[in-house]
Each structure stands twice: as structure tokens, then as C-alpha cells.
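A.B. asks: First the structure, which I've put down as C-alpha cells, then a few questions once you've had a look.
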Amino acid sequence: MHVDAQVVEGRRVISDLAREDFEILDEGSPRPIEYFGRETEPLHLVLLLDVSGSMRKMLDRMAAASKEALSVLRSGDTVAVIAFGRTSVRKLDFSADMGDAAAAVGAARFEKDVGAGTLLNPAIAEAARYIGEHAGNKPGRRALLVFTDNDSVNYQSPDQQALEALFAADTVLNAIVPQGVRPPDRQRSSFANPDFSPADIFKLARESGGEVVEAGKSGTMLREVIERIRTRYSLHYRAPEDTRPGFRRIEVRLAPAARARLKKAEVRARTGYVVR
Numbered sequence: 323m324h325v326d327a328q329v330v331e332g333r334r335v336i337s338d339l340a341r342e343d344f345e346i347l348d349e350g351s352p353r354p355i356e357y358f359g360r361e362t363e364p365l366h367l368v369l370l371l372d373v374s375g376s377m378r379k380m381l382d383r384m385a386a387a388s389k390e391a392l393s394v395l396r397s398g399d400t401v402a403v404i405a406f407g408r409t410s411v412r413k414l415d416f417s418a419d420m421g422d423a424a425a426a427v428g429a430a431r432f433e434k435d436v437g438a439g440t441l442l443n444p445a446i447a448e449a450a451r452y453i454g455e456h457a458g459n460k461p462g463r464r465a466l467l468v469f470t471d472n473d474s475v476n477y478q479s480p481d482q483q484a485l486e487a488l489f490a491a492d493t494v495l496n497a498i499v500p501q502g503v504r505p506p507d508r509q510r511s512s513f514a515n516p517d518f519s520p521a522d523i524f525k526l527a528r529e530s531g532g533e534v535v536e537a538g539k540s541g542t543m544l545r546e547v548i549e550r551i552r553t554r555y556s557l558h559y560r561a562p563e564d565t566r567p568g569f570r571r572i573e574v575r576l577a578p579a580a581r582a583r584l585k586k587a588e589v590r591a592r593t594g595y596v597v598r
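Numbers in this note's numbering are just positions in the sequence shown, counted from 1, shifted up by 322.
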């Protein structure tokens, strides 16, 4: 079982930890870490772009900065680009050519074949399945970076479906949102019909082990987020063999000595996996 983890203190990423600084619990039971890796692993990254009209200014800034931002990727890394609205359109399959990736980001802004409206969870689930099918057998880490204003309603597509697709693809979701975007207030939600639910990119990122950041007034955040994805840790452990089908909760935490050194540190990692 592979788990991708990030350790932060506020906005600062802690990138110099070792295997003995971590613990993994599977349904509350400690499991030994059999492999530990850092940023030397290849990265397979999907950029998932909400191309609704309200996102145009932010995407313009990101497109202008994309070539420089993608230059931080290395030999062996690959990038795919998907635009989404009501449906999704793949603009670039996984490619090691960062020039092609930057051009695809620019072209995605003008995509007209995704329909009116924005369906976030189905787009995430479809992108996760694409990652699993095309990068699932490749060494390295897999990440989904979503650009969205979180302003949508999901129809018959609950958060759990999107999360299970991310877990199955062993993929961490990160997101860049416009300034001022906040999680939905579920306590005050007006959706009486259970078939409808407000989009919540914040929950999906948190549960998959990723983060949501604000774009700011320039496109420089794209490079920073890619660099933060690259400085995550890869932890591998052997899952229990006698597990029943269903969801199993996992926890990645700092070992006692590391917790004593890093009292304000937060570990971000996915919260579970599904046994079929």
C-alpha cells in the first residue's frame, strides 16, 4: 500500500524528514513502513481546468505562467491536461514535453465542447480513472491539480464517489482557487434533495491528503504548488491480508520524537482506501 504524505508548519513545507520520523496506522493498528522515498520519484500530474466563464481571468494568468512553472518538472515526469464544465475534454495525454503541456493549458481556456454548467465531482472521478488507467503501473507518484472556483452543484455524484476514485488511482488532489473562495457552509446548505450537493474541493483535497491554495494576482502560485507536490514523501506498507471488502481508515502521523521536535507540524495524507 502506497501513501503520499506532506508535512507542513503553516505554509512552510518540511522536506528533510526520514523514514523513522513517520508512523502509519491501518484501522488503528501500526504497520511497518517498508519503503520510504522523497522527491527523486517521477511525478505524473494531471492539470484539471474548470473552464467556466467565472474562471477566465485566473486561467489567463495561469496560462501565461505555465511554461515557466512547468519547467520545474524533471526528466521522467509527465503532464496531462483536461478541461471540464458539464463534461470533460482531454486536451493533452500524458506527455514529457512541457512545452506541449503549457500550450494545452493555454488552449483549454477556449474549450467550447464541455457544455454549460460545472460538475466538479464527475470531472475529478473521470480524471482519477484516467490517471489509474494510464499511469497506474508506472513508478512514481500521481497527483491531480484542479483549477476551480468551487462554484457548482453535484447531481447524483457524492463526494465519496470522487474520493474512492482518487483512492483507487492512488492519487492526491490539490487545488488552486481564486482569492476569497471558501468551503461551503454545509450546516446552512439549502439542498433538501439528497441527489444534489454543493461542490467542496476543500474536503476532497483534505481527505485525499492534498491542499487548496489561493491563486493570488499572478500565475506564480502554479509553480509553487508544483514544487510543493514534488517535495512530498512516499510511504509504502503492507496492508493486512485478512481484510473484508469496504473502506479502511488509515492515519499517517509523526513518530513521537519527530512530534516533539515539530510541535506545530501537520501531516497531510489520504485518510483511507477501499478493499474490493
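Every residue gets a Cβ at the ideal spot worked out from N, C-alpha and C, and that includes glycine.
Can you give me the start and stop residues for the beta strand (DSSP E) that SER301 sits inside?
C.D. replies: Coverage of the chain is limited to positions 323 through 598, which leaves residue 301 absent and any answer about it impossible.
A.B. asks: Span of the beta strand (DSSP E) holding GLY421?
C.D. replies: GLY421 -> not in any beta strand (DSSP E); alpha helix (DSSP H) instead, spanning 420-430.
A.B. asks: For HIS558, is the classification buried or exposed, using 16 other Cβ atoms within 10 angstroms of its Cβ as the cut-off for buried?
C.D. replies: So HIS558 ends up on the exposed side.
A.B. asks: With distance defined between alpha-carbon atoms, name the residue in HIS456, THR440 and LEU466 nearest to SER479.
C.D. replies: For SER479, the nearest C-alpha among the options comes from THR440.
A.B. asks: What is the rounded straight-line gap between the Cα of PRO364 and the Cα of ALA418?
C.D. replies: Taking the straight line joining both Cα atoms gives about 11 Å.
A.B. asks: Go to PRO352, then tell me how far its beta strand (DSSP E) extends in each direction, as first and last residue.
C.D. replies: From DSSP, the beta strand (DSSP E) with PRO352 extends over 351-353.
A.B. asks: Just verifying my parser: in three-state terms, what is the DSSP assignment at GLU563?
C.D. replies: Coil, per DSSP.
A.B. asks: On the three-pair Cβ rule with 8 Å, is the region 522-542 touching the region 381-401?
C.D. replies: Yes, the region 522-542 is in contact with the region 381-401.
A.B. asks: Go ahead and label ASN459 buried or exposed: buried means 16 or more other beta carbons lie within 10 angstroms of its beta carbon, across all protein chains shown.
C.D. replies: The residue in question, ASN459, is exposed, as its Cβ has fewer than 16 Cβ neighbours within 10 Å.
A.B. asks: Count the other C-beta atoms from every protein chain shown that fall within 10 angstroms of the C-beta of THR362, then say buried if there are 16 or more, exposed otherwise.
C.D. replies: THR362 comes out exposed.
A.B. asks: By Cβ distance below 6 Å, which residues in the same chain neighbour GLN501 in space, the five residues on each side in sequence not counted?
C.D. replies: Around GLN501: GLU536.
A.B. asks: Which of the three DSSP states, helix, strand or coil, is assigned to VAL547?
C.D. replies: VAL547 falls in the helix class under three-state DSSP.
A.B. asks: Taking all protein chains shown into account, decide if SER374 is buried (16 or more other Cβ within 10 angstroms of its Cβ) or exposed.
C.D. replies: With 16 or more other Cβ atoms within 10 Å, it is buried.
A.B. asks: What span of residues does the alpha helix (DSSP H) with ARG451 cover, start to end?
C.D. replies: Start and end: 442-457.
A.B. asks: Give me whichever residues DSSP pairs with LEU495 in a beta bridge.
C.D. replies: In DSSP, LEU495 forms a bridge with LEU466.
A.B. asks: Per DSSP, which residues does ALA327 bridge with? Please list them.
C.D. replies: Beta-bridge pairing links ALA327 to TYR555 and ALA591.
A.B. asks: Measuring CB to CB, does LEU367 end up less than 8 Å from VAL401?
C.D. replies: Taking 8 Å as the Cβ cut-off, LEU367 and VAL401 qualify as a contacting pair.
A.B. asks: Helix, strand or coil for ALA402? Go by DSSP, reduced to three states.
C.D. replies: Three-state DSSP puts ALA402 in a strand.
A.B. asks: Quick check: what's the CA-CA separation for ARG510 versus VAL411?
C.D. replies: With a pLDDT of only 49 at ARG510, under the threshold of 50, the placement of this residue in the model should not be trusted; the figure read from the coordinates follows. Roughly 33 Å separates the two Cα atoms.
A.B. asks: Please say whether GLY531 and ARG592 have beta carbons closer to each other than 8 Å?
C.D. replies: Yes, the Cβ-Cβ distance between ARG592 and GLY531 is below 8 Å.
A.B. asks: Per DSSP, which one or two residues make a beta bridge with PHE358?
C.D. replies: Its beta-bridge partners are LEU557.
A.B. asks: If we count the other Cβ atoms within 10 Å of its Cβ and call it buried at 16 or more, is LYS413 buried or exposed?
C.D. replies: Buried is the call here.
A.B. asks: Quick one: measure Cβ to Cβ for GLU345 and ALA577, integer angstroms, because I've assumed they're closer than 8 Å.
C.D. replies: GLU345 to ALA577, Cβ: 5 Å. Contact.
A.B. asks: According to DSSP, is SER374 helix, strand or coil?
C.D. replies: If DSSP states are grouped into helix, strand and coil, SER374 belongs with coil.
A.B. asks: Would you mind stating whether LEU442 and ASN496 have Cβ atoms separated by less than 8 Å?
C.D. replies: Cβ distance not < 8 Å, so LEU442 and ASN496 don't count as in contact.
A.B. asks: Do the CB positions of ARG463 and SER556 come within less than 8 Å of each other?
C.D. replies: Yes, the pair counts as a contact, with Cβ atoms nearer than the cut-off.
A.B. asks: On the three-state DSSP scale, how would you describe ILE523?
C.D. replies: Residue state, collapsed to three classes: helix.
A.B. asks: Expressed to the nearest angstrom, what Euclidean distance is found between the alpha-carbon atoms of ILE572 and HIS324?
C.D. replies: When rounded, the distance between both Cα atoms is 11 Å.
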